[in-house]
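Notes follow the structure.
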Amino acid sequence: MRHKMPQYQYINMDSGWSETCDEYGRWTYRRDLFPHGLRDLTDYLAKNGHKLGIYILPGIREDAYEANYPIKGTKYRLRDICTEKREGNGFKGSTFMPDPTAPQEAVQAYYDSMADLFAEWGVGFVKVDGCGPGGGDQFYPYQSPDNRRCLRAMSRALARHNIWMELSWFMDFTYADEWAEISNGARVYIDIESYSTRTMTSSHRVMQRITQASRWVDTGVVGSAYGFYIDLDVVVVGMTVNGKCVDGLDNDDVRQTYISFWALVSSVFCIGADPRKIPDKYLAMLTHPNILAIHQSGIMARPVGSGNAWHNRRQIWWHAMPDGRIVVGLFNTSTYTFMLGWSYEITLNFADLGIDAAAVELEDVWTGEKMGLYEKSYTKRLRSGQCQLLFLSYNRPK
Numbered sequence: 001m002r003h004k005m006p007q008y009q010y011i012n013m014d015s016g017w018s019e020t021c022d023e024y025g026r027w028t029y030r031r032d033l034f035p036h037g038l039r040d041l042t043d044y045l046a047k048n049g050h051k052l053g054i055y056i057l058p059g060i061r062e063d064a065y066e067a068n069y070p071i072k073g074t075k076y077r078l079r080d081i082c083t084e085k086r087e088g089n090g091f092k093g094s095t096f097m098p099d100p101t102a103p104q105e106a107v108q109a110y111y112d113s114m115a116d117l118f119a120e121w122g123v124g125f126v127k128v129d130g131c132g133p134g135g136g137d138q139f140y141p142y143q144s145p146d147n148r149r150c151l152r153a154m155s156r157a158l159a160r161h162n163i164w165m166e167l168s169w170f171m172d173f174t175y176a177d178e179w180a181e182i183s184n185g186a187r188v189y190i191d192i193e194s195y196s197t198r199t200m201t202s203s204h205r206v207m208q209r210i211t212q213a214s215r216w217v218d219t220g221v222v223g224s225a226y227g228f229y230i231d232l233d234v235v236v237v238g239m240t241v242n243g244k245c246v247d248g249l250d251n252d253d254v255r256q257t258y259i260s261f262w263a264l265v266s267s268v269f270c271i272g273a274d275p276r277k278i279p280d281k282y283l284a285m286l287t288h289p290n291i292l293a294i295h296q297s298g299i300m301a302r303p304v305g306s307g308n309a310w311h312n313r314r315q316i317w318w319h320a321m322p323d324g325r326i327v328v329g330l331f332n333t334s335t336y337t338f339m340l341g342w343s344y345e346i347t348l349n350f351a352d353l354g355i356d357a358a359a360v361e362l363e364d365v366w367t368g369e370k371m372g373l374y375e376k377s378y379t380k381r382l383r384s385g386q387c388q389l390l391f392l393s394y395n396r397p398k
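With the UniProt record's numbering applied, the sequence shown covers 1 to 398.
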């Protein structure tokens with residue numbers, strides 16, 4: 001993987017890595033999958049410059065509660081901090097929340113010991129799922145309980161070891177300031193996976209993320225300046241199984257749009273496929289130097305006008321780059337659940353970006369083509385699901 005995708009840092013495991021807990025009620029690994037332990041795995045990954053990520057749920061595991069294990073280094077046991085058995089996360093019956101009246105030193109000690117264990121293993125990233133307020137879906141939202149108190153304790157514990165903490169799923173953007181204080185990133189919508197038996201996602205599910213991203217633009221806490229990023233879910237471009245591409249995307253227009261938008265808003269960028277099997281042309285997209293530079297700027301783009309991709313099919317998003325250029329994405333979001341839509345002309349008015357210059361030089365981000373000078377505006381006709389990503393340069397008034 002280091003050879004194919006040298007810029008990527010973490011290799012993350014989803015929920016299947018753990019099925020039980022240890023003698024202190026902490027998540028532990030499956031010995032059938034990791035007979036030599038996770039430290040052996042992280043040491044191997046470190047040779048290639050990678051860190052391991054794992055998946056857990058907030059609260060106290062149900063099996064740990066039933067066994068009433070001791071909290072390491074304290075006089076307390078788990079039932080001393082959990083008597084009410086309130087749901088701990090959005091997956092009912094899997095964990096219980098520590099009581100609000102429980103001795104907070106005991107609650108913190110429990111999560112501190114868990115973070116200590118993860119650090120001993122060499123873990124660098126922890127995804128915490130079922131967090132709330134949030135969860136559910138667009139039709140039945142807020143299915144996860146309010147577990148902010150628990151998440152804060154987990155955050156304090158993980159921060160001691162500089163372990164990245166990611167919250168999931170469909171987090172409520174009205175609590176963005178708290179999510180930024182607690183974590184490094186937050187999933188902003190439902191799974192991008194379509195749960196089809198044949199393909200991974202769809203073009204329409206990709207476009208839905210644009211609308212969700214727009215809700216976070218004005219929260220004032222997203223980007224490298226705050227150490228907090230939105231997470232639009234995994235990028236499955238080029239996912240290949242048994243020699244067949246199963247990403248479910250209609251064409252390469254959509255694949256380029258997928259990558260472009262994730263980069264433009266500096267979303268957490270996680271590849272949801274085995275990189276050893278992704279075709280070279282898609283690996284080239286995922287490791288394109290200009291795309292990585294835009295993503296790694298750590299700046300979240302903002303829309304011109306409405307960012308609702310359903311009501312406004314001619315999406316324009318932009319932000320200034322650290323080198324002074326402006327990067328702009330034009331997106332035709334005319335897609336539907338089972339089909340693509342129509343072509344549209346999209347016009348970029350430079351004044352909408354605050355540009356006051358006689359002429360603006362345009363460069364295509366993907367191809368590197370120098371497109372020449374334009375006055376006042378630029379218009380491009382895009383197919384359904386297609387985008388164009390541009391660098392804008394101009395002489396600023398003195």
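Built from N, CA and C at the ideal position, the CB exists for glycine as well. Small disclaimer: the values here were computed from a predicted structure and weren't measured.
If you ignore the 5 residues before and after Leu382, its C-beta comes within less than 7 angstroms of the C-beta of Leu330, Asn332, Ser343, Tyr344, Ile346, Gln388, all in its own chain and listed in chain order. Trp310 and Ser334 have their alpha carbons spaced roughly 8 angstroms apart. Taking 8 angstroms as the cut-off, the Cβ atoms of Ala102 and Ile71 do not count as close.
A straight line joining the alpha-carbon of Val237 with that of His50 spans about 21 angstroms. Taking the C-beta atoms as reference points, Gly298 is found no nearer than 8 angstroms to Ser267. Boundaries for Val123: no alpha helix (DSSP H) harbours it, while the beta strand (DSSP E) harbouring it runs 123-128, taken from the DSSP string.
For Thr347, the enclosing beta strand (DSSP E) begins and ends at 344-349.
About 18 angstroms separates the Cβ atoms of Val128 and Leu78, ruling out a contact at the 8 angstroms cut-off.
Annotation for Ala157: Tyr111, Asp112, Ala115 place their beta carbon closer than 6 angstroms to its own, counting only its chain and skipping 5 residues before and after. Distance between Tyr374 and Ala357, taken at the CA atoms: about 10 angstroms. Gly59 sits in coil when the DSSP states are folded into three classes, being neither helix nor strand.
Boundaries of the beta strand (DSSP E) harbouring Phe331: 326-332, taken from the DSSP string.
Following the DSSP letters along the chain, one finds Tyr394 in no beta strand (DSSP E), marked with neither H nor E.
Counting the other CB atoms within 10 Å of its CB gives Tyr55 a total of 16 or more, which places it among the buried residues. In this structure, the straight-line span from the alpha carbon of Leu340 to that of Asp146 is close to 38 angstroms. Glu181: member of the alpha helix (DSSP H) spanning 176-182, first to last residue. Excluding sequence positions up to five before and after Met239, its CB lies within less than 6 angstroms of the CB of Met200, Val246, Asp247, Ala273, all in the same chain and listed in chain order.
In the DSSP assignment, Thr257 falls within the alpha helix (DSSP H) that extends over 252-264. Straight across, the Cα-Cα distance linking Glu363 with Asn395 is about 15 angstroms.
Contact between the stretch 21-36 and the stretch 86-93 is absent, with fewer than three C-beta pairs closer than 8 angstroms.
Take Val235, set aside five residues on each side of it, and the residues of its chain with a beta-carbon closer than 8 angstroms to its own are Tyr258, Ile259, Trp262, Phe269, Cys270, Ile271, Gly272, Leu286, in chain order.
Ranked by how close their Cα comes to the Cα of Gln104, the residues Ala176, Asp80, Val126 have Asp80 in first place.
Cβ contact annotation for Ala159 (same chain, cutoff 8 angstroms, sequence separation greater than five): Met165, in chain order. Here Asn184 is buried: its Cβ has 16 or more other Cβ atoms, across all protein chains shown, within 10 Å.
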